[in-house]
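Asks: Throughout the sequence shown, residue numbering follows UniProt numbering, covering 1 to 389 in sequence.
What follows is a structure written as structure tokens; I'll ask about it next.
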Amino acid sequence: MTSATRLQPPSQAGPHAAGPSASFIGTLAIAYFTEVFILGMITAKAITYFSRGSRDPTLVKVCVAFSVLALWCKSGLDITTIWNLAIFLPYRHIMQVVPWSLLTSLIIGQIPVTLSQVYLCYRLWSISKKHVLFSVIAVAGTLCSTILFIIYASLRVMTPVRKEGQDRVHAWVPPWAFCTCCTDIYLSLSSTFFLLRTRKKAVGDKLDYMLLRLASLSITTCLPPAIISAIMAILEITTSTGDAWSFFTIIIASTYALCILHSLNSRQEILEEARSRSTMKNSSPLTPGTNRHQASGRRLTDSNSVCLPRLHSLKSNKSSQLTDKSPGRHDDPRTSLDEHAGRRVGLEDAPFSIYSEDHRRRSLQNARGTESEDGSQGQITVGAPDKKF
């Protein structure tokens, strides 16, 4: 065991064996707790994604599984780091050398970031209908971001000893963070542009709704990682301790994976909502005005659908009074008989109105209603004007 990792009582530690500050340890503890919390949501969404039996290409499924596995390994290394720092820090003066678990976790954390950007590039290539220029710009931004991180990680591994003012290593953090932020914003805006342009040519409400939801989903997928990258770069430039940006560099990989899994699972929900909206519009209970008018004219001629009282039979040459048991007031209950009239009419709710089967309004004064000789039918016919009760 080297002197850098040898156990010593706190009193025998030298003046240069000072460990990390309490604020740095607190930042790491909060970041690791947040990462574990996000990892739980990632695991739940990954189980949902694979249980649905998605039709995505096999390569996409492999990338999703590999990203989740990498995040689990990263979380295990982060827990090891915080355990060593928080529990055994008074008996170790190893902070002159960056712990191996922290370096390994830093490298593994870039894997989900790169895979997420590669998937977003593939989605842009599909949405843009294989537009070469937009896809090339997206791939170039992803490669630039990955190369800048490789340079930073290589310098960090080659110089693990902490020194005052390591500007040569940390100088690569802001370019990498800004490049990642710009790539995410470009992917988001480009995908939204092509989706909204396709929406103008949509031929149905279902497709229009789906394209609008996908456009908003592309923004919410790329915006959180872009904001985290921008904050990380700004804090690294404005502060010299590195405590602030350490929180964001730990959770950025989990944020990428969570946003991608949310995007993958939301596609099925958008499709189901579009189908339900389309079904609700097709099964609307409202009918056109003509049909409603015809239904209103027929409703009182059907004795089965509306409870009309039976009209008693009347003799042709004797006047009698029409007995009506239905609630409602009829000012002229008299009718006349015409044996040669064959048209059926229906009474409207309003008084002094008769509608024939051709739905033409007739006045009770001009067209006198008569009852058919067959009283069991309960139908009224338009009688001749010369016959009265």
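Cβ coordinates follow ideal geometry from the N, Cα and C atoms, glycine included.
My output table needs one value for Ala-171: the three-state DSSP class, helix, strand or coil.
Replies: Here Ala-171 sits in coil by DSSP.
Asks: Would you report the Cα separation of Tyr-49 and Thr-249, rounded to the nearest angstrom?
Replies: About 26 Å.
Asks: Which residues in the same chain have their Cβ closer than 7 Å to the Cβ of Ser-254, if we skip the five residues on either side of it in sequence?
Replies: Cβ within range, chain order: Glu-35, Ile-38, Leu-39, Ile-42, Leu-71.
Asks: Leaving out the 5 sequence neighbours to the left and right, which residues in its chain are closer than 6 Å to Gln-110 when beta-carbon positions are compared?
Replies: So the qualifying residues of the chain are Phe-149.
Asks: Does the beta-carbon distance from Ala-233 to Asp-184 come in below 7 Å?
Replies: No. Outside cutoff.
Asks: Excluding the 5 residues flanking Ser-67 on each side, which residues of the same chain have their C-beta closer than 6 Å to its C-beta?
Replies: Only Pro-112, Leu-115, Ala-257 meet the Cβ criterion.
Asks: Could you check which residue in Ala-65, Val-64, Pro-99, Ala-46 has the C-alpha nearest to that of Thr-81?
Replies: Ranking the options by Cα distance to Thr-81, first place goes to Pro-99.
Asks: Is the distance from the Cβ of Leu-77 to the Cβ of Thr-104 below 7 Å?
Replies: Yes, the Cβ-Cβ distance between Leu-77 and Thr-104 is below 7 Å.
Asks: Could you check whether Ala-171 and Leu-195 sit closer than 7 Å to each other, using their CB atoms as the reference points?
Replies: No, Cβ-Cβ distance for Leu-195 and Ala-171 is not below 7 Å.
Asks: Is Val-306 helix, strand or coil when you go by DSSP?
Replies: Below a pLDDT of 50, predicted positions are generally treated as unreliable, and Val-306, at 40, falls in that range; no measurement from the model is reported.
Asks: Could you give the C-beta distance for Lys-206 and Ala-274, rounded to a whole number, given that I count them as a contact under 8 Å?
Replies: Sure, about 5 Å apart at Cβ, within 8 Å.
Asks: Can you name the start and end residues of the alpha helix (DSSP H) that Arg-55 belongs to?
Replies: Where Arg-55 is concerned, there is no enclosing alpha helix (DSSP H), given that its DSSP letter is neither H nor E.
Asks: With DSSP as the reference, label Pro-99 as helix, strand or coil.
Replies: In the structure shown, Pro-99 sits in coil (DSSP, three-state: anything other than H, G, I, E or B).
Asks: Report back the beta-carbon spacing between Lys-45 and His-262 to the nearest angstrom; my notes put them in contact at under 8 Å.
Replies: Contact flag correct, Cβ pair sits at about 6 Å.
Asks: Do Leu-124 and Ser-188 have their C-beta atoms within less than 7 Å of each other?
Replies: Contact: no.
Asks: Which residue comes first and which comes last in the alpha helix (DSSP H) that contains Gly-141?
Replies: Its alpha helix (DSSP H) spans residues 132 to 158.
Asks: Under 7 Å between the Cβ atoms of Leu-85 and Ile-151?
Replies: Not closer than 7 Å, so no.
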